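Below: the structure, in structure tokens.
Residue numbers (the working numbering): -19 to 224.
In structure tokens form, the structure reads like this:
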């Protein structure tokens, strides 16, 4: 089997916006109407694709149905959200409140990673801390004794350089805004080293992340660009193998 060296043209950057994942008790859902109390000052935007999931065993007859939805409206100051079945559609309504959650919660979360357009490059670094375990009393000879170490915690950091465009709905704009989003739950990156036609044929690094900074570069000689920096919030998922 011939081996192909990958170039940067195989890469891509996908993103889930910050503040777009919540856990909800049954009382957050309406007994009538469309208003769901998700919490104030989250990052939901109108027409965001989201998925509503009820816990197993919940009673949801005449409630807002589970599954893929869109944000029909969201008021950051009151924390009230409404869902629709289609982008730009009418708000879904209920005539009963769900029950039977027990100690579990329903979730509303951004459905899937979305492509960030006009990305020039991305980078991601991982490092390990080291813990010294050198002991005294070692036998010495001609050469100086060496210190010994064991691996400690890991950490990572990443960045993406994105061209600024005239598209008001560009996901890159959302990334810049998300740097200042106080509640960043839901923010996640998928960094493709080899973006295939399907996920099974792609290679990627996926992670929940915290966005740290946005730096603009504007001058008369170059295209406008913004650099976003971020850190993973947990162990990234590395998928470097492909299957047909």
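Just so it is clear, CB atoms sit at the ideal spot from N, CA and C, and this is done for glycine as well. Just so it is clear, the structure is predicted and the values come from calculations on it, not from any experiment.
For the alpha helix (DSSP H) containing residue i, name the first residue and the last one.
{"i": "residue 154", "result": "151 to 158"}
How many Å lie between residue i and residue j at the Cα?
{"i": "residue 110", "j": "residue 136", "result": "15 Å"}
{"i": "residue 142", "j": "residue 93", "result": "17 Å"}
{"i": "residue 28", "j": "residue -18", "result": "42 Å"}
{"i": "residue 23", "j": "residue 112", "result": "43 Å"}
{"i": "residue 222", "j": "residue 145", "result": "33 Å"}
{"i": "residue 125", "j": "residue 219", "result": "40 Å"}
{"i": "residue 152", "j": "residue 97", "result": "7 Å"}
{"i": "residue 215", "j": "residue 187", "result": "7 Å"}
{"i": "residue 138", "j": "residue 99", "result": "14 Å"}
{"i": "residue 77", "j": "residue 67", "result": "24 Å"}
{"i": "residue 12", "j": "residue 33", "result": "19 Å"}
{"i": "residue 246", "j": "residue 105", "result": "The question about residue 246 has no answer here: the residues shown for the chain are numbered -19 through 224."}
{"i": "residue 26", "j": "residue 19", "result": "16 Å"}
{"i": "residue 47", "j": "residue 150", "result": "25 Å"}
{"i": "residue 30", "j": "residue 174", "result": "26 Å"}
{"i": "residue 203", "j": "residue 95", "result": "20 Å"}
{"i": "residue 80", "j": "residue 147", "result": "44 Å"}
{"i": "residue 103", "j": "residue -11", "result": "14 Å"}
{"i": "residue 52", "j": "residue 71", "result": "6 Å"}
{"i": "residue 85", "j": "residue 35", "result": "6 Å"}
{"i": "residue 115", "j": "residue -16", "result": "47 Å"}
In terms of residues, what are the limits of the beta strand (DSSP E) holding residue i?
{"i": "residue 191", "result": "183 to 197"}
{"i": "residue 54", "result": "47 to 55"}
{"i": "residue 142", "result": "129 to 143"}
{"i": "residue 174", "result": "168 to 174"}
{"i": "residue 64", "result": "60 to 64"}
{"i": "residue 2", "result": "1 to 4"}
{"i": "residue 200", "result": "Taken as a continuous stretch (DSSP letters only), residue 200 belongs to no beta strand (DSSP E), as it is neither H nor E."}
{"i": "residue 125", "result": "Counting along the chain, residue 125 falls outside any beta strand (DSSP E), and DSSP gives it neither H nor E."}
Is it buried or exposed, residue i, if we count other Cβ atoms within 10 angstroms and call 16 or more buried?
{"i": "residue 40", "result": "buried"}
{"i": "residue 2", "result": "buried"}
{"i": "residue 184", "result": "buried"}
{"i": "residue 90", "result": "buried"}
{"i": "residue 200", "result": "exposed"}
{"i": "residue 129", "result": "exposed"}
{"i": "residue 181", "result": "exposed"}
{"i": "residue 74", "result": "buried"}
{"i": "residue 118", "result": "exposed"}
{"i": "residue 0", "result": "buried"}
{"i": "residue 54", "result": "buried"}
Closer than 6 Å by C-beta to residue i: which residues in its own chain qualify, once you throw out the five before and the five after it? Chain order, please.
{"i": "residue 194", "result": "156, 159, 206, 208"}
{"i": "residue 101", "result": "141"}
{"i": "residue 196", "result": "206"}
{"i": "residue 217", "result": "186"}
{"i": "residue 58", "result": "none"}
{"i": "residue 170", "result": "-6, 93, 184, 186"}
Taking 8 Å as the limit between beta carbons, can you name the residues of its chain near residue i, skipping five residues before and five after?
{"i": "residue 16", "result": "4, 8, 9, 10, 44, 60, 61, 62, 63, 88"}
{"i": "residue 191", "result": "-2, 155, 158, 159, 161, 164, 167, 208, 209, 210"}
{"i": "residue 107", "result": "134, 135, 136"}
When DSSP builds the beta bridges, which residues end up paired with residue i?
{"i": "residue 115", "result": "In DSSP, residue 115 forms no bridge with anything."}
{"i": "residue 21", "result": "In the DSSP output, where bridge partners are listed per residue, residue 21 has none listed."}
{"i": "residue 218", "result": "185"}
{"i": "residue -5", "result": "94, 169"}
{"i": "residue 41", "result": "The partner list for residue 41 (beta bridge, DSSP) is empty, contrary to what the question assumes."}
{"i": "residue 13", "result": "74"}
{"i": "residue 225", "result": "Nothing in the structure corresponds to residue 225, since the chain is present only between -19 and 224."}
{"i": "residue 162", "result": "Beta-bridge pairing links residue 162 to no other residue."}
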